[in-house]
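Peer 1:
There are 2 protein chains.
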Amino acid sequence: MIKNLLKEYSSLIENRINELFPEVESGYSAVSDAARYSLLLGGKRIRPAITLLFCELCGGKTEDALDFAVALEMIHTYSLIHDDLPCMDDDDMRRGNPSCHKKFGEDIALLAGDTLLTQAFYVASVASVSPEIKVKAAKVLSESAGLHGMIGGQVLDLSFEKIRPDAEKLTDMYMRKTAALLICAAKLGIIAAGKDTEQNLKSAEIFGFNLGLAFQVIDDILDCTADEKLLGKPVGSDEKNQKTTCVTLYGIEKSREIAADMTDKAISALKNFGGDTEKLENLTEFLLSRNY
Amino acid sequence: MIKNLLKEYSSLIENRINELFPEVESGYSAVSDAARYSLLLGGKRIRPAITLLFCELCGGKTEDALDFAVALEMIHTYSLIHDDLPCMDDDDMRRGNPSCHKKFGEDIALLAGDTLLTQAFYVASVASVSPEIKVKAAKVLSESAGLHGMIGGQVLDLSFEKIRPDAEKLTDMYMRKTAALLICAAKLGIIAAGKDTEQNLKSAEIFGFNLGLAFQVIDDILDCTADEKLLGKPVGSDEKNQKTTCVTLYGIEKSREIAADMTDKAISALKNFGGDTEKLENLTEFLLSRNY
């Protein structure tokens, strides 16, 4: 059920990506080819699906949230491209395929990431909604992806290769690196629907925080337990890099409990919205039970 | 005279940078330190000065254009940080100081660039102007800095290490890599003043195109002729990298003539604006006569 829904939303998103970021023929097509390669490499499209589902939950129209959903997916994809670079995580594989720099070279991959980040704000600025809504979306996108959000999380993550974090520091890193964009996803849907009350935004934060932490804890578990082919990237990389994760702090069983508890909290936060939360609940539970 | 004016504008810009992007104390301060290092490393602040001068020329208030000017300088600075990385131009020095990655490491420099690009759109989204004006500014910023603008120019520039460009291709590269952000600078000032008529934007394009090309041709000349200490970066790098430049295509004397002709055209375009263009004319002439 939820898999079919995700597929449906993925088609919507990918069609819109192709409209907003078509192939170009020019002397600089290498960089747009590289950006499109990473953007269309698949993935579960969790973030844009959350944006569309929150917009629907708040009574908004899908088309009003679609471009913000694409913008967010562009930002997520840029972060993966830059994260895979040799000076960062140095990952050769992504979603079962060569990572962007392995396929296109480091220089082009760097610029492809830059292109996607820039293009995300272009897409937000030309969305078919009012200027007020566009400005709110751009503010949330830039805050969530910026210094105190996702990028701060990446820096903390890098620093944990040298300094062993305690549980509090690890939570702070997960919050910024993973939860920030999930909170952003929910808020973008609420903003697109014009229902960005303080209470709704606060509920989105609780939802995204818990979903993000659960998501990251499950990533840590899968890094120890998953089938490499199914996961599409090497397993055991945390151990190889001697990284502190939820699993190294608490073990696998306790980590599973933590993820389940946070998933419950995320679902509770959904109840604060009046409407039908079934799809978002199913999505949240699906993310807990995933094995890739 | 113009040097004093540039100093005055530089102070304005740098004070505002310090307000909008203060030092942070946190586990991820390395990346904000690196971003602030590059942002405050000096430079002539040509682009933000152009934004402020065009706003003034169009009867606008400096404070309405100031945040857009800072956003543009952040984008310019991010591009320099990423351009200097080993997988790009691999430059150890910038403005007489170690380049960002030499001082902070490649991973932090990469993320510092990402931070500045993201923060530029945050700054544009919280500027004290109407949402309509903010959206117009974000659109121009993202178009100018994106795939078909600055980044396209960087990709063309990289490709010219393999394929020798003719004059037309070299012009196209200069247009995107350098002129796009100068055109953007002028347009941001016009937009901030609320005077973004088709004619004014067209005149800004002619001004920025010619100024950008003149600027780039002079860069090519300085790479052969400048005092390395004054220039703050190694000279002769184009020759070392066997790059085609205006100088290799036409020689130094003809290149000087081309730069002078384009400077004249840029100044002519200013006449299309009704107001007092003296400061912008002086700035344009100063850029032609610069020896660093």
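Listed in order, the protein sequences are those of chains G and B.
So in this note's numbering, the last spot in the first sequence is 1446, and the numbers never skip.
So in this note's numbering, the last spot in the second sequence is 1446, and the numbers never skip.
For every residue, glycine included, the Cβ atom is placed at its ideal position computed from N, Cα and C.
Do residue 1239 of chain B and residue 1234 of chain G come within 8 angstroms of each other at the CB atom, strictly closer than that value?
Peer 2: In this structure, residue 1239 of chain B does not lie closer than 8 angstroms to residue 1234 of chain G by Cβ.
Peer 1: Give me the DSSP bridge partner(s) of residue 1252 of chain B.
Peer 2: B/1247, per the DSSP bridge assignment.
Peer 1: How about the stretch 1336-1356 of chain G and the stretch 1201-1213 of chain G: do they share at least three Cβ pairs that are nearer than 8 angstroms?
Peer 2: Cβ pair count under 8 angstroms is three or more, so yes.
Peer 1: Enumerated in chain order, which unbroken segments of the alpha helix (DSSP H) with a length of 4 residues or greater are wholly contained in the stretch 1273-1341 of chain B?
Peer 2: The qualifying runs are 1285-1299, 1304-1313, 1321-1328.
Peer 1: What residues in its chain sit with their C-beta under 6 angstroms from that of residue 1319 of chain B, if we drop five residues either side in the sequence?
Peer 2: Excluding sequence neighbours, residue 1319 of chain B sits near 1398.
Peer 1: My assumption, with CB atoms under 8 angstroms, is that residue 1336 of chain G sits in contact with residue 1365 of chain G. Please give the rounded CB distance.
Peer 2: Contact holds; Cβ gap of about 5 angstroms.
Peer 1: So residue 1417 of chain B packs on residue 1431 of chain B, CB below 8 angstroms; how close in whole Å?
Peer 2: Incorrect: roughly 14 angstroms between the Cβ atoms, too far for contact.
Peer 1: Is it buried or exposed, residue 1155 of chain G, if we count other Cβ atoms within 10 angstroms and call 16 or more buried?
Peer 2: By the 10 Å Cβ count, residue 1155 of chain G comes out exposed.
Peer 1: What residue range is occupied by the uninterrupted alpha helix (DSSP H) comprising residue 1205 of chain G?
Peer 2: Counting along the chain, the alpha helix (DSSP H) containing residue 1205 of chain G begins and ends at 1200-1211.
Peer 1: List the residues of chain B that residue 1418 of chain G touches, going by C-beta distances under 8 angstroms, in chain order.
Peer 2: Residues of chain B passing the Cβ test: none, with the nearest at roughly 29 angstroms.
Peer 1: Can you tell me where the alpha helix (DSSP H) holding residue 1420 of chain G begins and where it ends?
Peer 2: Element bounds for residue 1420 of chain G: 1406-1424.
Peer 1: How would you list, in chain order, the residues of chain G whose beta-carbon sits under 8 angstroms from the beta-carbon of residue 1305 of chain B?
Peer 2: Result: 1182, 1185, 1265, 1268, 1269, 1272.
Peer 1: Can you give me the C-alpha to C-alpha distance between residue 1375 of chain B and residue 1297 of chain B, rounded to a whole angstrom?
Peer 2: C-alpha separation (whole angstroms): 29 angstroms.
Peer 1: Could you spell out the range, first to last residue, of the alpha helix (DSSP H) harbouring residue 1157 of chain B?
Peer 2: Where residue 1157 of chain B is concerned, the enclosing alpha helix (DSSP H) stretches over 1156-1174.
Peer 1: Under the rule that 16 or more other beta-carbon atoms within 10 Å means buried, what is residue 1395 of chain B, buried or exposed?
Peer 2: Exposed is the call here.
Peer 1: Contact criterion: CB-CB distance below 8 angstroms. Does residue 1300 of chain B meet it with respect to chain G?
Peer 2: Answer yes: the Cβ-Cβ gap between residue 1300 of chain B and chain G drops below 8 angstroms somewhere.
Peer 1: Looking at the secondary structure, which residues open and close the alpha helix (DSSP H) in which residue 1369 of chain B lies?
Peer 2: Taken as a continuous stretch (DSSP letters only), the alpha helix (DSSP H) holding residue 1369 of chain B covers 1352-1379.
Peer 1: Taking C-beta pairs closer than 9 angstroms, name the residues in chain B that residue 1194 of chain G reaches, listed in chain order.
Peer 2: Under the 9 angstroms cutoff, chain B gives no residues; its nearest Cβ is about 16 angstroms from residue 1194 of chain G.
Peer 1: Going straight from the alpha carbon of residue 1351 of chain G to that of residue 1360 of chain G, what length do you get?
Peer 2: Answer to the nearest angstrom: the Cα atoms are 15 angstroms apart.
Peer 1: Mind the definition here: the stretch 1157-1169 of chain B touches the stretch 1195-1203 of chain B only if three or more C-beta pairs lie below 8 angstroms; say whether that holds.
Peer 2: Counting Cβ pairs under 8 angstroms, three or more are found: they touch.
Peer 1: Residue 1252 of chain B versus chain G: which residues are under 9 angstroms apart at the beta carbon?
Peer 2: What residue 1252 of chain B touches in chain G: nothing, since even the nearest Cβ is about 16 angstroms away.
Peer 1: For residue 1292 of chain G, return the contacting residues in chain B, with the cut-off set at a CB-CB distance below 9 angstroms.
Peer 2: Chain B residues near residue 1292 of chain G: 1275, 1276, 1278, 1279, 1288, 1289, 1292.
Peer 1: Rounded to a whole number of angstroms, what is the C-alpha to C-alpha distance between residue 1295 of chain B and residue 1278 of chain G?
Peer 2: Approximately 12 angstroms, taken between the alpha carbons.
Peer 1: Buried or exposed for residue 1229 of chain G, please, with buried defined as at least 16 other CB atoms from any protein chain shown within 10 angstroms of its CB.
Peer 2: Buried, since its Cβ has 16 or more Cβ neighbours within 10 Å.
Peer 1: Just to make sure I have the definition right: I need the residues of chain B whose C-beta is within less than 7 angstroms of the C-beta of residue 1241 of chain G. Which are they?
Peer 2: Going along chain B in sequence order, the residues near residue 1241 of chain G (Cβ under 7 angstroms) are 1260, 1261, 1264.
Peer 1: So the candidates are G/1427, G/1425, G/1411; which of them puts its Cα closest to the Cα of residue 1443 of chain G?
Peer 2: It is G/1411 whose Cα lies nearest to the Cα of residue 1443 of chain G.
Peer 1: Quick check on residue 1223 of chain G: does DSSP put it in helix, strand or coil?
Peer 2: Three-state result, residue 1223 of chain G: helix.
Peer 1: Here's the rule I'm using: 16 or more other beta-carbon atoms within 10 Å means buried, otherwise exposed. How should residue 1379 of chain G be labelled?
Peer 2: When all chains shown are included, residue 1379 of chain G counts as exposed.
Peer 1: Near residue 1189 of chain B, what residues of its chain come up, given a Cβ to Cβ distance below 6 angstroms and the 5 sequence neighbours on each side ignored?
Peer 2: Closer than 6 angstroms at Cβ, skipping near neighbours: 1266, 1269, 1270.
Peer 1: How would you list, in chain order, the residues of chain B whose beta-carbon sits under 7 angstroms from the beta-carbon of residue 1308 of chain G?
Peer 2: Under the 7 angstroms cutoff, chain B gives 1265.
Peer 1: Count the other CB atoms, across all protein chains shown, that sit within 10 Å of the CB of residue 1353 of chain G; report buried if there are 16 or more and exposed otherwise.
Peer 2: That one is exposed.
Peer 1: Whole-angstrom Cβ separation of residue 1158 of chain B and residue 1195 of chain B, contact assumed at under 8 angstroms?
Peer 2: Contact doesn't hold; Cβ gap of about 21 angstroms is too wide.
Peer 1: I'd like to know whether the C-beta of residue 1282 of chain B is nearer than 8 angstroms to at least one C-beta of chain G.
Peer 2: False, the Cβ-Cβ gap to chain G never drops below 8 angstroms.
Peer 1: Does DSSP classify residue 1436 of chain G as helix, strand or coil?
Peer 2: Note: residue 1436 of chain G maps to helix in three-state DSSP.
Peer 1: Give a yes or no on whether the minimum CB-CB distance between residue 1176 of chain G and chain B is below 8 angstroms.
Peer 2: Not closer than 8 angstroms to any Cβ of chain B, the Cβ of residue 1176 of chain G fails to qualify, so no.
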